[in-house]
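In this note's numbering, the protein residues as written are 6 to 155. Cβ atoms here follow ideal geometry from the backbone N, Cα and C, with glycine treated the same way. Computed from a predicted structure; not experimentally measured. Here's the structure, in structure tokens; my notes come after.
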Ligand SMILES: [Cu+2]
């Protein structure tokens with residue numbers, strides 16, 4: 006009858022190695038679980054979506070001028086993983102600094118100029134493109150466009 010003699014220190018080494026492997030595995034699983042919300046790449050062919058900055062403006066009966074800035078279209082649709090080049094043409098308003106909620110995307114739309122925003126979302130959802138100057142009614146908005154990713 007054969008016996009495997011395992012020293013106490015060897016056993017401790019094996020235990021440490023096992024714990025190390027387990028923690029690497031857990032770390033890897035958690036890392037894989039993270040989904041990249043968006044990528045900004047320019048190499049692949051992109052579908053173009055055009056948008057403009059517009060303005061609703063009127064004078065009330067008592068002579069008060071009221072206005073609201075808008076992104077038009079107010080909603081755009083794209084597929085998860087799809088590459089889209091969003092082209093925003095500045096028409097009304099001198100400039101509109103914007104950001105897209107839940108991403109690091111930001112920029113500025115200027116009157117008479119076109120701002121190109123490369124988009125790719127790897128997670129489904131609705132992302133809001135928000136003008137920092139006109140985010141709500143109080144600030145002559147809401148200048149918010151919805152990017153629906155499905
Ligand atoms: Cu604006």
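Whole angstroms are fine: how far does the CA of residue 128 sit from the CA of residue 8? So the alpha carbons of these two residues sit roughly 56 Å apart.
Completely contained beta strand (DSSP E) runs for the segment 93 to 138, where each covers 3 or more residues: Fully enclosed beta strand (DSSP E) runs of 3 or longer: 100 to 105, 111 to 115, 119 to 124 and 130 to 136.
Can you list, in chain order, the residues of its chain with a C-beta nearer than 8 Å to that of residue 54? Leave out the 5 residues immediately preceding and following it. If we look at residue 54 and ignore the five residues flanking it on each side, its Cβ neighbours are 81, 83, 89, 90, 91 and 92.
For residue 150, is the classification buried or exposed, using 16 other Cβ atoms within 10 angstroms of its Cβ as the cut-off for buried? By the Cβ neighbour-count rule, residue 150 is buried, with 16 or more other Cβ atoms within 10 Å of its own.
Relative to ligand 1, what is the chain-ordered list of residues with a Cβ closer than 6 Å to any of its non-hydrogen atoms? That query returns the following residues: 74, 98, 101, 136, 138, 139 and 148.
Using the Cβ count rule (16 or more neighbours within 10 Å means buried), how would you classify residue 134? Result: buried.
Could you tell me which of 132, 116, 131 and 111 sits nearest to residue 122, measuring between CA atoms? Checking every option, the nearest Cα to that of residue 122 belongs to 111.
To which residues of the same chain is residue 106 closer than 7 Å at the C-beta, ignoring the five residues directly before and after it? Counting only residues of its own chain and dropping the five nearest sequence neighbours on each side, residue 106 has a CB closer than 7 Å to the CB of 132, 133 and 135.
Residue from 15, 75, 25 and 154 whose Cα sits closest to the Cα of residue 124: In this structure, 154 is the residue among 15, 75, 25 and 154 with its C-alpha nearest to the C-alpha of residue 124.
If you compare alpha carbons, which of 25, 64, 94 and 77 is closest to residue 114? Closest by alpha carbon: 94.
Indicate whether at least one CB of chain B lies closer than 8 Å to the CB of residue 56. Absent from the structure is chain B; it holds one protein chain and no more.
Let me make sure I understand the geometry here. Which of 29, 104, 12 and 130 has the alpha-carbon closest to that of residue 120? Per the Cα distances, 104.
Extent of the continuous beta strand (DSSP E) to which residue 3 belongs: There is no way to answer for residue 3, as the model of the chain reaches only from 6 to 155.
With a Cβ-Cβ cutoff of 8 Å, do residue 60 and residue 72 count as a contact? For residue 60 and residue 72, yes; Cβs fall inside 8 Å.
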